[in-house]
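Participant:
Here you go:
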């Protein structure tokens, strides 16, 4: 291994130190194999937890060895080996993995209000401008957005809507264009839950040309003092249907894992991401699967693999339920496989790519479930995930330990 390659590995691995310091508190590494434990948190992540997923400087870049952070190469390796029992595209989950088990919902925090943009002190009120879903899918669908303000005792207060408008943002042009308007009411209709509760509900249906990031902006007067505010809610609009699920399913145990095939009609060929969750008979979430696949136009099947060791480790018998089947057509202006290509040529293609369309088209939400046959733990394999990329990562982490060992010894 040449010195430059060693340095690149050290920098890349050390950049994950701060992340893993938090990761440490989720794990009791001596107890992770117990069948009765809940598998959640970091174990549900589809990306390698020992790799930096964000920005920031590496400790190695500033001349330190990273060991002062309390995360050693041995710990990195142990963490990776635990996570890599299961493949990246098939992970264990539980009922605490809200972002996965409720994939259509979005939670926007209420805004602590101030009187002017320069004000440093809250004025005692909070306003909440909340889309009920993160996207509106299909021209036959509507999105609902609620608006409310509350006082210091969490009581809703009257609001006067002075002005509002809907905008479509075109990132490739960096422009924002006004589109047809939403409607709103507090009368207990058109999506509004309860009349005259000071919670207003906007509803809006896209046209076929309204594709991409949307902004609903409102100017309001609120509170007895007549305070003014400008609020913005954003969501994604995907009115055109690239494909739809057909409610056809079949299942088979393949290589010790549960494969569920779902029928799909594809109207627009391309690269697709398909996802689904698995529940047990009691309704608890137990697994998540993801598949990136190229689909041609026409009727076909897509496969989701729920890794055998996940089901084996749970140690329970019975049927499973495939739920929240979902997907999107990835509309990048280059082959997504370039993201995994470390070459300068691939990076140049990605950086120079230009597009006049949003980066995805969403398959209409599929609201039905599929219940499998009954299985026992013995039907599934206890073998851990094996792959060349896993072997390579293990060698990199072992090499990090060998590289740091002489330095650690000198400090002692």
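Numbering (the working numbering), first residue to last: 460 to 871. All residues carry an ideal CB built from backbone N, CA and C; glycine is no exception. Quick caveat: nothing in here was measured; it's all calculated off a predicted structure.
#1: As a quick exercise: from 834, 549 and 800, pick the residue whose alpha carbon is nearest that of residue 778.
#2: What beta strand (DSSP E) runs, 3 residues minimum, are completely inside the region 712-756?
#3: Could you check if residue 643 is buried or exposed, using at least 16 other CB atoms within 10 Å of its CB as the buried criterion?
#4: In the structure shown, what three-state DSSP assignment does residue 557 receive?
#5: For residue 503, count neighbouring Cβ atoms within 10 angstroms of its own Cβ and tell me buried if that reaches 16, exposed if not.
#6: Roughly how many angstroms lie between the CA atoms of residue 634 and residue 595, to the nearest whole one?
#7: Go ahead and pull the three-state DSSP assignment for residue 663.
#8: Three or more C-beta pairs closer than 8 Å, one from the region 545-565 and one from the region 758-766: is that the case here?
#9: Note down, in chain order, each residue of its chain lying with its Cβ closer than 8 Å to the Cβ of residue 708, except the 5 sequence neighbours on either side.
#10: Mind checking which residues open and close the beta strand (DSSP E) that includes residue 781?
#11: Straight-line CA distance for residue 641 to residue 663?
#12: What does the Cβ neighbour count give for residue 554, buried or exposed, with the cut at 16 atoms within 10 Å?
#13: Excluding sequence positions up to five away, which residues of its chain have a Cβ less than 7 Å from the Cβ of residue 558?
#14: Ordered along the chain, which non-local residues of its own chain (more than five positions away) have a Cβ less than 6 Å from that of residue 851?
#15: Going along the chain, which residues of its own chain have a beta-carbon closer than 6 Å to the beta-carbon of residue 654, five neighbours each way excluded?
#16: Hey, out of 537, 605, 855 and 843, whose CA is closest to residue 693's CA?
#17: Would you report the Cα separation of residue 659 and residue 849, rounded to the nearest angstrom?
#18: Would you identify the three-state DSSP class for residue 831, choosing helix, strand or coil?
#19: Nearest CA to the CA of residue 739: which residue from 669, 836 and 610?
#20: Assuming contact is defined by CB atoms lying nearer than 9 Å, are residue 681 and residue 581 in contact in what I supplied?
#21: Between which two residues does the beta strand (DSSP E) harbouring residue 588 extend?
#22: Leaving out the 5 sequence neighbours to the left and right, which residues in its chain are closer than 6 Å to residue 853 when beta-carbon positions are compared?
#23: Give the C-beta separation of residue 873 and residue 672 to the nearest angstrom, bearing in mind that I take them to be a contact with Cβ-Cβ under 8 Å.
#24: If you run the structure through DSSP and keep just helix, strand and coil, what is residue 640?
#25: With DSSP as the reference, please indicate the residues paired to residue 625 in a beta bridge.
#26: Is it buried or exposed for residue 677, if we count other Cβ within 10 angstroms and need 16 for buried?
#27: Check each candidate in 539, 661 and 841 and name the one with the smallest Cα separation from residue 773.
#28: When you compare only the Cα positions, how much space is there between residue 703 and residue 802?
#29: How many Å lie between residue 827 and residue 686 at the Cα?
#30: I'd like to check one pair, residue 650 with residue 601: are the Cβ atoms closer than 9 Å?
#31: If the criterion is Cβ atoms closer than 9 Å, does the pair residue 590 and residue 567 meet it?
#32: To the nearest angstrom, report how far apart residue 755 and residue 728 are at their CA atoms.
#33: What number of angstroms, rounded off, separates the C-alpha of residue 588 from the C-alpha of residue 712?
#34: For the putative contact between residue 742 and residue 784, defined by C-beta atoms under 8 Å, what is the C-beta separation to the nearest angstrom?
#35: Smallest Cα separation from residue 831: which of 791, 776 and 811?
#36: How many angstroms separate the CA atom of residue 749 from the CA atom of residue 761?
Facilitator: In short, the structure shows the following:
#1: 834
#2: 716-725, 729-738 and 744-754
#3: buried
#4: helix
#5: buried
#6: 21 Å
#7: strand
#8: Segment contact: the region 545-565 against the region 758-766, three or more CB-CB distances shorter than 8 Å; contact assigned.
#9: 719, 720, 721, 722, 781 and 829
#10: 780-789
#11: 5 Å
#12: That one is exposed.
#13: Closer than 7 Å at Cβ, skipping near neighbours: no residue.
#14: none
#15: 646 and 647
#16: 605
#17: 51 Å
#18: Collapsing the DSSP output to three states places residue 831 in coil.
#19: Nearest to residue 739 by alpha-carbon distance, out of 669, 836 and 610, is 836.
#20: no
#21: 585-590
#22: none
#23: With the chain covering only 460 through 871, there is no way to say anything about residue 873.
#24: Coil at residue 640, not helix or strand.
#25: 638 and 675
#26: Flag for residue 677 reads buried.
#27: Checking every option, the nearest Cα to that of residue 773 belongs to 841.
#28: Taking the Cα positions, residue 703 is about 36 Å away from residue 802.
#29: 46 Å
#30: yes
#31: yes
#32: 5 Å
#33: Straight through space, the alpha carbons of residue 712 and residue 588 are spaced by roughly 46 Å.
#34: With a Cβ gap of about 17 Å, residue 742 and residue 784 do not count as contacting.
#35: 776
#36: Straight-line Cα distance between these residues: approximately 11 Å.
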